[in-house]
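In what follows, a single structure is set out as structure tokens and then discussed.
Protein chains: 2
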Amino acid sequence: MTLLVALTWEPKLWVERFQKLLPDRKIAVLGEPFDRRTVRYAATWGPKPGSLSGLPMLDAIFSLGAGVDHLLSYPDLPDVPIVRVAQDDLTHRMSEYVVMHCLMHLREQPRYDAQQRRKVWEDDASPPTARDVRVGIMGFGVLGEDAARKLKVMGFDVAGWSRTPKEIEGFAMFSGTEGLDAFLARTDILVTLMPLTPETRGILNRELFGKLARDGRLGGPVLINPGRGKLQVESDILECLDDGTLKAASLDVFETEPLPSESPLWSHPCVMVSPHNAATSDPDATARYIVDQIRRYEAGQGFQNVVDKARGY
Amino acid sequence: MTLLVALTWEPKLWVERFQKLLPDRKIAVLGEPFDRRTVRYAATWGPKPGSLSGLPMLDAIFSLGAGVDHLLSYPDLPDVPIVRVAQDDLTHRMSEYVVMHCLMHLREQPRYDAQQRRKVWEDDASPPTARDVRVGIMGFGVLGEDAARKLKVMGFDVAGWSRTPKEIEGFAMFSGTEGLDAFLARTDILVTLMPLTPETRGILNRELFGKLARDGRLGGPVLINPGRGKLQVESDILECLDDGTLKAASLDVFETEPLPSESPLWSHPCVMVSPHNAATSDPDATARYIVDQIRRYEAGQGFQNVVDKARGY
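Here the protein sequences come in this chain order: X and D.
Each residue of the first sequence is one higher than the one before, starting from 4 at the first, in my numbering.
Each residue of the second sequence is one higher than the one before, starting from 4 at the first, in my numbering.
This is the structure:
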């Protein structure tokens, strides 16, 4: 019984990790010879189209990252469960990014950074504090809820939006198309943590930005996207920053990654760019998680965090 | 019965605030004529030496900021209670600063900021997360404890040091001269929130920096000082940054404020400078607090947050 490692970067390190945890199994790598009839599991991120076909014994596919949109769009995806990696570590790192960026926008960190470069000693007479600022978390799964709880401890006024109705004690919750406008109208900082699906692709556009609150203490709405790059229309973000529809943006993900050097986002004074590292997953923890899932499955307990292919996450 | 406003900046705004809250009292300003025999309270920040003398009916002095070291060093300070301003608002703002700066050092925000300016897309294969980093809060009063609780929620491994022994559930606590070395030895990020007293003046020096942990995940110890400028020896900070005893520093306060333009701190690549605005107090809330204390006192309930002049805070 073979575990196939099919991915585009550093396959050798993954083979080593899995071999250590599963010393009695064969670990195969795409691109090297292996017996396709023995493969029961595939661990993958961004495999080439077709590379997961022709595996008659395949029982499951493990995604090596948090998102699964990269897999669901594959043309010949085998009809087996896809298991998402869900790790506390990744959740906590994402909340670090979200809290840090909300605080940097609240406290105008880019302004003070620029002032330092010019040796200017100057502050605001009455700056806002966290409780003056309304954060809206769009996508209220495991990541969204953890970020929301931590933002609330810091004092922010936090609400959530989810596709289907959810009740979470302590938060104003909105849902569905019918709840979106009211949610946006009370949002000074929009944090987007939704999965990429046909419905969410390109949702971060001029029409949505125009519905964000304009009566807040920050002088205009702020977008923080550590979710998926294809949620956003970058030409709209740039136009909206320039005409004042948006005040600022923190972007960790982009339509094309790495962000091309000709993108105006790099040098826009109101944009904070990071290289898709808001929540780096720890490869050792990911390997342990996958091996735990294989053990659960083989002990008859089934997989956890199986993707609903109809919903897309 | 007169409330004397004795301070060096914007006295008119303070007179207006107090007059609105105490319409039947006389509000006097230092520098304008008033009857010294009628003054019962003085609200002040940085008054000129001697300006609080010769007030025979004085019952209390209110400090308009969080610290009182500026008052205790006055030569002719009247022997009346000094009341500290203690506001939740100020505490929460201080915690925003502390959590933001701990996260910025954890996540190497200055590095990614510099990379953005050079359009470089590059990250770390296995960056540390909050639970890998030990924060030490030196000075565990109201401000220190609130910051510690919020840092813990974010996942940091937090300990505290106080002058006198304290037990605070959930935190490793150290105290006194005898506990200082052990506290420093387990500290990757040192956050200093102690009052300025004869014992703490200049305590942030080469000797202390040399005792900080050198085995942490950040590549060297970090200093965050939003407390008092005269706690720190700036020439030692600069030398220790240059020889690697310190990795980085966030400084909100300085030996001389505003920070002189010739200070090398402004342009040091490992220093984040802010203009003493970590915790701006809201003047309206401060005025309300002082008027509340006057009402308490006149109703026979006594003042809250009276300074212990022997301890210095």
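Glycine included, each C-beta is placed from N, C-alpha and C at the ideal position.
Residues sharing a beta bridge with residue i, DSSP
i        : result
Thr167/D : Thr167/D is not bridged to any residue.
Thr195/D : Met141/D
Ile30/X  : Leu6/X
Ile85/X  : Ile64/X
Met97/X  : Looking at the DSSP assignment, Met97/X forms no beta bridge with any residue, so it has no partner.
Val276/X : Leu254/X
Thr47/X  : Ala9/X and Ser66/X
Asp285/D : Asp285/D pairs with nothing; no bridge assigned.
Ser178/X : Ser165/X
Ile227/D : Val194/D and Ser253/D
Gln235/X : Leu207/X
Asp160/X : Arg137/X
Val42/X  : Thr5/X
Close beta carbons around residue i, own chain, < 8 angstroms, minus the five adjacent residues each side
i        : result
Lys155/X : Val161, Gly173 and Phe174
Met157/X : Val102, Cys105, Leu106 and Ala133
Val225/D : His108, Asp191, Ile192, Leu193, Leu249, Lys250, Ala251, Ala252 and Ser253
Thr289/D : Leu67, Val88 and Gln90
Arg39/X  : Gly57, Leu58 and Pro59
Asp92/D  : Ser284, Asp285 and Ala288
Arg110/D : Pro130
Gly53/D  : Pro78 and Asp79
Ser178/X : Trp164, Ser165, Arg166, Thr167, Pro168 and Lys169
Spatial distance of residue i from residue j (CA atoms)
i        : j        : result
Leu211/X : Met197/X : 15 angstroms
Asp245/D : Thr195/D : 21 angstroms
Pro131/D : Ser56/X  : 37 angstroms
Pro267/D : Val8/D   : 37 angstroms
Lys153/X : Ala185/D : 30 angstroms
Leu80/X  : Ile30/X  : 21 angstroms
Met3/D   : Ala151/D : Residue 3/D lies beyond the range of chain D shown here (4 to 316); nothing can be said about it.
Thr5/X   : Ile293/X : 14 angstroms
Ile227/X : Asp149/X : 16 angstroms
Arg217/X : Ile140/X : 17 angstroms
Val32/D  : Asp127/X : 25 angstroms
Asp311/D : Val138/D : 29 angstroms
Phe306/D : Arg43/D  : 14 angstroms
Lys214/X : Val123/D : 33 angstroms
Glu99/X  : Tyr100/D : 14 angstroms
Ser76/D  : Gly70/D  : 12 angstroms
Ala45/X  : Gly219/X : 48 angstroms
Pro36/D  : Arg314/D : 36 angstroms
Leu183/D : Thr167/D : 11 angstroms
Ile171/X : Pro78/D  : 58 angstroms
Glu242/X : Val274/X : 12 angstroms
Arg189/D : Trp164/D : 11 angstroms
Arg28/D  : Ala302/D : 16 angstroms
Thr180/X : Asp239/X : 21 angstroms
Arg113/D : His271/D : The residue asked about is misnamed: residue 113/D is Pro in this sequence, not Arg. Their backbone Cα atoms lie some 12 angstroms apart in a straight line.
Lys51/D  : Gln304/D : 31 angstroms
Within chain X, the residues that residue i reaches when beta carbons sit closer than 9 angstroms
i        : result
His95/D  : Thr132, Ala133, Arg134, Met157 and Gly158
Tyr300/D : Simply none; closest approach about 28 angstroms.
Tyr115/D : Met275, Val276, Ser277, Pro278 and Asn280
Distance cut-off 7 angstroms: residue i Cβ against heavy atoms of the ligand MN
i       : result
Asp27/X : Inclusion of the ligand MN in the displayed structure is not the case, the ligand content being empty and no account of it being possible.
Contact belief for residue i with residue j at Cβ below 8 angstroms, rounded distance in angstroms
i        : j        : result
Thr248/D : Arg209/D : 7 angstroms
Val83/D  : Asp62/D  : 6 angstroms
Ile85/D  : Val309/D : 7 angstroms
Ile64/X  : Thr41/X  : Actually they do not touch by this definition, with Cβ atoms about 16 angstroms apart.
Leu221/X : Val136/X : 6 angstroms
Leu262/X : Leu234/X : At roughly 15 angstroms, the Cβ-Cβ gap does not stay under 8 angstroms, so Leu262/X and Leu234/X are not in contact.
Arg291/D : Leu24/D  : 7 angstroms
Nonlocal neighbours in the same chain, by C-beta distance under 6 angstroms from residue i, ignoring five residues either side
i        : result
Gly205/X : Val236
Chain-order list of residues whose beta-carbon lies under 7 angstroms from that of residue i (same chain, five-residue window excluded)
i        : result
Glu202/D : none
Gly232/D : Val256, Phe257, Glu258 and Glu260
Gln118/D : Glu125
Met97/D  : Leu146, Ala150, Pro229, Ala281 and Ala282
Ser14/X  : Reading off the sequence, residue 14/X comes out as Pro, not Ser. Answer for Pro14/X: Val8 and Val32, listed in chain order.
Ile297/X : Tyr44
Neighbour list for residue i in chain X, Cβ cutoff strictly below 7 angstroms
i        : result
Leu106/D : Glu99, Val102 and Met103
Lys153/D : Val156 and Met157
Tyr77/D  : Here the premise fails: no neighbours, minimum Cβ distance about 26 angstroms.
Ser253/D : Ordered by position in chain X, no residue passes the 7 angstroms Cβ test against Ser253/D, which lies about 11 angstroms from the chain.
Contact set between residue i and chain D, taken where Cβ atoms lie within less than 8 angstroms
i        : result
Glu125/X : Pro278
Where residue i meets chain X, residues with beta-carbon distance less than 8 angstroms
i        : result
Arg110/D : Glu99, Tyr100 and Met103
Gln307/D : Within chain X, no residue comes near Gln307/D; the closest Cβ sits about 22 angstroms away, beyond 8 angstroms.
Contacts of residue i in chain D (Cβ-Cβ under 9 angstroms)
i        : result
Leu262/X : Lys122 and Trp124
Asp285/X : Ser129 and Thr132
Proximal residues of chain D, C-beta to C-beta of residue i below 7 angstroms
i        : result
Gln296/X : The contacting residues do not exist; Gln296/X stays about 22 angstroms from chain D at best.
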